[in-house]
Structure formats: structure tokens, C-alpha cells
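Working notes, beginning with the structure itself.
Number of protein chains: 2
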Amino acid sequence: MRNLLFKIAFVGSSFHGWQQQDNAVTVQGELRKAWTILTGENPNIIGCSRTDAGVHANEYFFSVRTESTIPVKNFPAALSSAKLPGEISVISCEEVDIDFNARFDCLKKEYVYIFENTEIPSPFNYKRALNYKYKMDVALMNEGAKHFIGEHDFSAFCASGAEVLSKVRTIYDAAVERKGDSIIFRVCGNGFLYNMVRIMAGTLLYVNNGKINVDDIPDIILSKNRSWAGITAPPDGLYLNRVYFSGEDNED
Amino acid sequence: MRNLLFKIAFVGSSFHGWQQQDNAVTVQGELRKAWTILTGENPNIIGCSRTDAGVHANEYFFSVRTESTIPVKNFPAALSSAKLPGEISVISCEEVDIDFNARFDCLKKEYVYIFENTEIPSPFNYKRALNYKYKMDVALMNEGAKHFIGEHDFSAFCASGAEVLSKVRTIYDAAVERKGDSIIFRVCGNGFLYNMVRIMAGTLLYVNNGKINVDDIPDIILSKNRSWAGITAPPDGLYLNRVYFSGEDNED
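First to last, the sequence lines map onto chains H and Y. Counting along the first sequence from 1, when you hit position 185 you're at 185 in our numbering, and nothing is skipped either side. Counting along the second sequence from 1, when you hit position 226 you're at 478 in our numbering, and nothing is skipped either side.
If you want it as C-alpha cells, here you go:
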């Protein structure tokens with residue numbers, strides 16, 4: 001028995017999220033089907049995050065315990081060729097400690113949220129960025145993002161109905177920058193609540209258009225009141241961008 | 253009655269080509285549906301090119317004669333909002349002479365064919381580039397592309413069954429360059445035969461992998477024999493990139 005850690009990337013708009021469902025095409029479901037074709041096994045595929053429908057991943061990890069003897073260096077190509085959709089790429093595979101768990105051993109994650117700041121949306125960015133045609137004040141949005149940094153109770157940035165014991169999370173870094181026509185909100189933390197990055201992105205949009213004063217963000221956090229924050233931005237612009245584990249291989 | 257010329261862009265992998273068909277989603281079909289929703293008219297939408305299923309357009313033009321009084325500056329947004337799929341963007345609109353025809357007044361076109369030269373295909377390039385994981389000799393491929401330039405009978409670069417009177421076309425420029433992980437074949441001509449750019453791209457692939465000697469391309473052209481040229485590369489990497497008309501607005 002080996003425990004294998006895979007790095008993949010996927011186009012979220014092609015899937016109803018990560019988690020396997022009976023009547024929907026999901027990333028975990030497609031991976032499991034491919035795995036069964038390749039090995040005959042029906043394993044427990046443990047993802048590093050439960051990404052929602054429409055959310056993309058430039059980098060995503062899952063771990064699987066397997067009896068398969070396929071060498072790790074051959075596994076990515078083998079799994080890709082087992083009828084895995086082209087919207088999922090298997091990037092790499094490594095053997096990890098038998099107790100390693102892609103969900104629980106994840107130390108921090110970086111998400112990016114991409115706004116396409118053009119008057120005419122490019123069809124090639126459809127469902128891959130959020131088009132916003134009005135002026136974006138990157139310096140002001142960046143100032144807003146800085147208020148997220150630190151250990152806070154992020155209840156105000158969590159979709160209602162989410163059942164977690166603690167809504168305290170630590171944000172290590174957050175910033176907004178422009179690259180060409182793209183405005184990129186980048187945020188790195190030890191964990192994220194349900195819809196947290198999308199509500200942060202929506203709040204920064206409200207800061208940009210004057211509906212929220214940038215200096216009010218600390219009070220919004222303190223309020224723990226979801227209705228004080230901005231809208232939940234759509235999944236289109238959201239990418240899981242980097243995942244950090246405790247192992248040496250992966251840590252920055 | 254006005255004659256309007258629209259510039260659009262579209263993601264070809266979402267459509268069964270340009271031309272309207274009864275039981276398939278096509279670009280022309282979607283535009284006609286949107287046009288009818290917007291104006292009540294069922295017009296003749298004349299495209300600048302009959303792009304195949306899966307072929308993309310960074311720039312594509314169509315002309316339409318209409319009784320609609322919608323101002324040209326409002327037309328792109330109005331048409332976009334008439335249930336047009338997000339994989340088609342309406343970029344601009346201008347009034348043209350009543351006799352202007354987007355197909356027959358087209359003077360030259362530029363296509364690009366994009367190879368993704370990486371070992372692991374990015375899921376975000378799936379159906380948007382042709383992944384080729386082996387070494388690509390850009391200088392050699394560029395040398396091959398240069399042989400296409402000039403006025404030639406391109407029968408060897410035309411899918412069999414194509415019914416056109418003359419297979420003589422003029423290629424004004426052709427080149428291959430690398431941009432990061434992308435190898436881009438760019439070709440500009442006064443017209444293109446059925447599958448011509450895709451067969452050129454496939455021939456350059458054969459030049460790269462040694463199946464065709466670069467100096468044999470002139471003889472392949474002279475042979476007028478389809479079987480002498482390389483494979484027909486898939487539509488995934490092909491983009492109509494620029495379209496030139498006789499009007500001053502559009503000419504370079």
C-alpha cells in the first residue's frame with residue numbers, strides 16, 4: 001500500500017465543483033472514474049479543498065492510498081489517458097507518508113480572483129474572469145485588501161448556513177495589482193470559510209465603487225455580520241492558485 | 253435600410269462552426285436568434301469566412317442589412333444582451349455602403365495556429381491550442397513557413413472534396429515564432445482553401461519531426477497532391493486573427 005499525492009489543475013467551469021455527486025460531473029467524480037479504469041480500485045480520493053462549482057484551480061492536490069504498482073513518474077500520464085476530461089490536467093505525483101492527508105496536512109492556500117477590466121468582455125475570458133467595465137482603483141482596492149491580513153473571526157465573510165466550529169482564520173497576505181487588463185486580488189491564508197474569498201472580492205468591488213468605505217473594513221470584520229460586507233462575487237474569477245503542505249517538498 | 257458591419261470574437265470550441273445548421277449550435281445561428289430577439293427581423297447575416305467547427309476567432313466580421321434604427325454605438329451591447337452566448341463577444345459596429353459584403357469585400361485575412369509546447373497540457377489551453385510535448389525547432393519551422401509565401405496553386409494544401417474553381421491563392425506573409433510556451437504559426441493571404449491553414453500547420457509539424465524535409469515544401473506545392481503534404485492539424489489551435497477590407501477604416 002502506497003499513499004500518493006497528486007498535483008492537478010482544472011477548469012472549474014466544466015465541473016459542478018470538486019466533490020463527487022450522483023448526477024453531476026465533478027472533478028473528484030471524474031478522477032475516481034479514471035482511477036477505476038486505470039487500476040480497478042475505487043479509492044477514497046482526498047482533496048485539499050472543497051472547491052465550489054465554477055471555481056478553477058491552477059494548482060490542486062489530492063491524496064490516494066493505493067495498491068497499484070504503477071511508478072509515480074508514469075502515473076500522471078497514465079491517469080490522464082484513462083478518459084480523464086481535457087479540462088483536468090495531472091501535473092505530477094509523489095509518494096508520501098502513509099498517514100499524509102491532502103486535506104488535513106494543508107498548511108496554507110493562496111487564491112487569486114481575476115477581474116477583467118475591459119469595456120468589451122473577451123469571449124476567451126468568459127467564465128474565467130469577472131468582467132468589470134468601469135474604472136478600477138487598484139491602489140484603493142489594495143488598501144482594502146491589506147485590512148484582511150491577520151487573525152480574525154471572518155464570520156462577516158462567510159456564507160450563512162456554513163457549519164464550522166470556529167470562523168477564526170489567519171490571512172498571511174492579501175494584495176491587489178493590475179496586470180494589463182486584469183486586476184488580480186491575491187490572498188493567502190491558513191484556511192478559508194465558505195465563499196470567503198468571493199465575499200472579500202465582492203467587498204473590494206464595493207470599496208472600488210464607493211458603496212463601502214475602505215477604512216470601514218476593520219469594523220465590518222468586527223461586526224461578524226455577513227450583511228455588512230459586499231456581495232458574493234461569482235465563481236468565474238476565482239482560482240485556487242497555490243497549496244502549501246508541511247512536507248519539505250512543498251513548503252516555500 | 254442600413255448595411256451594418258460588425259466585428260466580433262468567439263471561442264470556436266463552443267460552436268459547430270460559423271454556418272447555421274438545423275440541429276447544431278453555430279455562431280451564425282446564435283447571432284440570428286439574438287438579432288430576431290432584438291429587432292424582430294430574420295436577416296441574412298453574411299460572414300467574412302466559413303470557419304469550421306472548433307476554429308476560434310480573435311476577430312471576425314459579418315454584415316447585415318437592417319431596418320432597425322438602433323444607433324451603431326449601442327448595437328454591440330444591445331446584441332450581446334439579446335441572449336447571445338458569452339462565448340461570442342460583439343466588439344464594434346459601423347455603418348457601411350449598402351453594397352458592402354463582408355464575404356466578397358474581404359481583401360486578406362490573417363490566421364494564427366497555436367501550439368502549446370509543454371510536457372503537461374494546461375487544462376486552460378484545452379481545445380484552445382494543440383499541445384505538442386516534444387522539442388520544436390522554431391527556426392526550422394519558420395524556414396518552412398517562408399516557402400508558403402507567394403502566389404501558388406495550393407491544391408496540395410486543400411482538403412479533398414473542396415469545390416472551388418481555382419486553388420490559386422496568394423500568401424503575403426508567413427512566419428513561426430515562440431512566445432513563452434506557445435509556438436505561433438502566423439499566415440496572411442488573400443484567401444484560404446478548405447483546411448489550408450491546418451494542413452500548413454500539420455506540414456510544419458512534419459518538418460519539425462523530420463517526416464518532411466524543409467526544402468521539399470516548394471515541390472510539395474508544385475505536386476498539387478494532398479498526400480504529399482503533412483497531416484491536417486486539429487482545429488483546436490486555429491484562430492482567425494485579423495481581417496482586412498478595402499475600406500480605409502480597416503486597412504493596414
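Yeah, the Cβ is synthetic: ideal placement off N, Cα and C, and Gly gets one too.
In the three-state reduction of the DSSP assignment, Tyr206(H) falls in the helix class. By alpha-carbon distance to Gly54(H), the top candidate from His16(H), Glu95(H), Val214(H) and Asp97(H) is His16(H). Counting C-beta pairs with one atom in each stretch, the segment 225 to 244 of chain H and the segment 291 to 310 of chain Y have fewer than three that are closer than 8 Å, which means they do not touch. Between the segment 487 to 497 of chain Y and the segment 359 to 375 of chain Y, the count of Cβ pairs shorter than 8 Å is three or higher; the stretches touch. The distance from the Cβ of Asn353(Y) to that of Ile298(Y) is about 6 Å, consistent with a contact at the 8 Å cut-off.
Contact fails between the segment 90 to 100 of chain H and the segment 410 to 422 of chain Y, because fewer than three Cβ pairs, one in each stretch, are under 8 Å apart.
As the crow flies, the alpha-carbon of Val466(Y) is around 20 Å from that of Thr422(Y).
By the 16-neighbour rule on beta-carbons within 10 angstroms, Val416(Y) is exposed.
Cβ-Cβ distances below 8 Å link Phe124(H) to nothing in the same chain once the five nearest sequence neighbours on each side are left out. In this structure, Asp105(H) places its C-beta atom within 7 Å of the C-beta atom of Ser246(H).
Put simply, the segment 449 to 465 of chain Y touches the segment 433 to 441 of chain Y. At least three CB pairs are less than 8 Å apart.
Residues of chain Y with a Cβ closer than 9 Å to the Cβ of Lys109(H) do not exist, since the nearest Cβ in that chain sits about 19 Å away. Secondary structure of Ser434(Y) (DSSP, three-state): strand. For the segment 332 to 352 of chain Y, residues whose beta-carbon sits nearer than 9 Å to a beta-carbon of chain H comprise Ser332, Pro337, Gly338, Glu339, Ile340, Ser341, Val342, Ile343 and Ser344. At least one C-beta of chain Y is nearer than 7 Å to the C-beta of Pro123(H). The beta-carbon of Ile297(Y) is placed no less than 7 Å from the nearest beta-carbon of chain H. Contact between Val495(Y) and Lys361(Y) holds: CB atoms are separated by about 5 Å, below the 8 Å threshold. Bridge partners of Arg2(H) according to DSSP: Thr66(H). Counting the other Cβ atoms within 10 Å of the Cβ of Ser333(Y) gives fewer than 16, which makes it exposed. Only buried fits Met200(H), as 16 or more other CB atoms lie within 10 angstroms of its CB. Considering only Arg355(Y), Lys398(Y), Ala276(Y) and Asn394(Y), the residue with the shortest C-alpha distance to Phe313(Y) is Arg355(Y). One alpha carbon belongs to Gly191(H), the other to Leu107(H), and they sit about 8 Å apart.
When the five nearest sequence neighbours on each side are left out, the beta carbons in the same chain lying within less than 6 Å of the beta carbon of Asn42(H) are those of Thr36, in order along the chain. Rounded to whole angstroms, Ser266(Y) and Ser166(H) show a C-alpha spacing of 43 Å.
For Val263(Y), the C-beta contacts it makes with chain H under 8 Å involve Pro123, Phe124 and Tyr126, in order along the chain.
Membership of Ile289(Y) in the alpha helix (DSSP H) is indicated by the continuous run Val279 to Thr291. It is roughly 8 Å from the alpha-carbon of Phe148(H) to the alpha-carbon of Pro218(H). Residue contact check for Ile120(H) against chain Y: a CB pair falls below 7 Å. For Glu94(H), the secondary structure class from DSSP, reduced to helix, strand or coil, is strand. Between Leu140(H) and Ala233(H), the beta carbon gap of about 17 Å keeps them out of contact (Cβ cut-off 8 Å). Take the alpha-carbon of Ser315(Y) and the one of Asn493(Y): they are about 18 Å apart.
Going by DSSP, Lys398(Y) is part of the alpha helix (DSSP H) stretching over Val390 to Lys398. Separation of Ile322(Y) and Ile221(H) (C-alpha to C-alpha, rounded to the nearest whole angstrom) is 47 Å.
In this structure, the alpha-carbon of Asp153(H) lies about 36 Å from that of Pro121(H). One alpha carbon belongs to Thr26(H), the other to Gln19(H), and they sit about 6 Å apart.
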